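Residue numbers (this note's numbering), protein chains in the order written: chain A, 16 to 209; chain B, 16 to 209.
For each residue, glycine too, the CB sits at the ideal point set by N, CA and C.
Just so you know, these numbers come straight off a predicted model, no measurement behind them.
Here the structure is laid out as structure tokens; the discussion comes afterwards.
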DNA sequence: AAGAAGAGACCGAACGTTCTCCCTCGCGAA
DNA sequence: TTCGCGAGGGAGAACGTTCGGTCTCTTCTT
């Protein structure tokens, strides 16, 4: 098989495991899914899971880490080549609505996860906080380049709209949600003179 | 909504049960809490729980039903006596930020619950949808009295901001979140000529 | 020969639920 | 007034299932 280019750290069973965990955790939640279900659908044995991960919590962290990397890459790709900071913000907005309107959308993986791990000291909770801080910083930094006023307020506004759109996007028709979100983003940009 | 017991025969053990369930479910989630924990802290026996509720799910529905009634009463009280529709919207906004800034705030009980019950056919999921529909309708109806344009867009905008504020209000300092939310509400009202 | 993976038994604990037994309290009938 | 009876609640055993996790053994590949 063509597995040689992957490197020694990623094996096919491990990839199946992470793929399956990602799919099921995102679609159905974390606490309500047992490891039996995951190893069954990933077609690996119990021992294989515990060979690659220290336990279920480690698998959840790997799931969130992969989601984090994917979103960072998506945001990076979305803003690449945009002629202005305002257009980069718009591109990020379209990236978000693209997710909301895609099939199988079940809300923000991080907001969903933190709802199941409210303890701020828990590693999973902290992983969510780290992702959110990065996103807030990224958006605020970009909005600071639109207009010359401080952008903290605008950044929080953008993230608040995003959180609301992501939370409600899987609870009703996503079309109006996406439209309302993009209108809100335009409002933020307009308030900064873009 | 759930269990057939009328409000007339509210026994002390049943009240302790619902109080305890409300406190623990809201603070720690639903799937991660067992009935052992609830009956232990409520100081009732197993049989008493199943005498008043058909099962854990019924207890969760009763928890959400009580939360729904509380929020409806709170919204009703907040808008009572406000001289204009715009001021009523502002009062609802302050009601929401009051919750966010209160001690023990752990986000929206309904958004947290629906994150654990993504199946749209599940009774708990549907209870969340019903509550959200009522809230959207209430806010939209109020905003329709501010300005003379259709208020569907503004209502969705308000709810989206609220969802974002509730979701992030327990993940970082609630003060800036509350401020950003109220500024957003003022923006919605201003856009409608209030 | 060595390491990864499969197969599956096994563990103690927790899960939601049902069950029996006994005690207490309130209320209507005698 | 007293009796009895049923409902509500306490105490706890027990149900079968599932949980996350560990174990041994074999097979396959390199």
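Exposed or buried, what is residue i when buried is set at 16 or more other beta-carbons lying within 10 Å of its beta-carbon?
i                      : result
residue 289 of chain A : Since the first residue shown for chain A is 16 and the last is 209, residue 289 of chain A is missing from the structure and cannot be characterised.
residue 25 of chain A  : exposed
residue 49 of chain B  : exposed
residue 183 of chain A : buried
residue 35 of chain A  : buried
residue 170 of chain A : buried
residue 189 of chain B : buried
residue 69 of chain B  : exposed
residue 18 of chain A  : In this prediction, residue 18 of chain A has a pLDDT of 34, which is less than 50 and means its spatial position is unreliable; nothing more can be read from the coordinates.
residue 66 of chain B  : exposed
residue 180 of chain A : buried
residue 57 of chain B  : buried
residue 147 of chain A : buried
residue 112 of chain B : buried
Taking residue i as part of the alpha helix (DSSP H), name the residues at either end of that continuous run.
i                      : result
residue 112 of chain A : 100-116
residue 189 of chain B : 189-206
residue 90 of chain A  : 71-94
residue 161 of chain B : Note, residue 161 of chain B: premise wrong, no alpha helix (DSSP H); not H, not E.
residue 54 of chain A  : 50-57
residue 45 of chain B  : Unbroken run through residue 45 of chain B: none, as it is neither H nor E.
residue 64 of chain B  : 61-67
residue 125 of chain A : 124-131
Go through its chain and collect everything with a Cβ distance to residue i's Cβ below 8 Å, but skip five positions before and after it.
i                      : result
residue 121 of chain A : 41, 42, 127, 185
residue 72 of chain A  : 138, 139
residue 6 of chain B   : No information on residue 6 of chain B is available, as it lies outside the stretch 16 to 209 that chain B covers here.
residue 53 of chain B  : 32, 35, 36, 39, 64, 74
residue 151 of chain B : 170, 171, 174
residue 87 of chain B  : 149
residue 60 of chain B  : 54
Taking 6 Å as the limit between beta carbons, can you name the residues of its chain near residue i, skipping five residues before and five after?
i                      : result
residue 89 of chain B  : 110
residue 63 of chain A  : 28
residue 124 of chain B : 41, 82
residue 141 of chain A : none
residue 93 of chain A  : 106, 107, 110
residue 157 of chain B : 100, 103, 104
residue 116 of chain B : 189, 193
residue 78 of chain B  : 36, 37, 40
residue 119 of chain A : none
Which same chain residues, not among the five before or five after residue i, have their C-beta less than 7 Å away from its C-beta?
i                      : result
residue 97 of chain A  : 103, 106
residue 155 of chain A : 166, 167, 170
residue 204 of chain B : 101, 104, 161
residue 91 of chain B  : none
residue 20 of chain B  : Residue placement at residue 20 of chain B is flagged as unreliable, the pLDDT there being 32, under the threshold of 50; a coordinate-derived value is accordingly withheld.
residue 159 of chain B : 166
residue 84 of chain B  : none
residue 145 of chain B : none
residue 114 of chain A : 120
On the three-pair Cβ rule with 8 Å, is the stretch 33-48 of chain B touching the stretch 126-137 of chain B?
Cβ pair count under 8 Å is three or more, so yes.
Report yes or no: do three or more beta-carbon pairs, one from the stretch 191-202 of chain B and one from the stretch 130-149 of chain B, lie closer than 8 Å?
no
At least 3 beta-carbon pairs within less than 8 Å: the stretch 196-205 of chain B vs the stretch 169-178 of chain B:
yes
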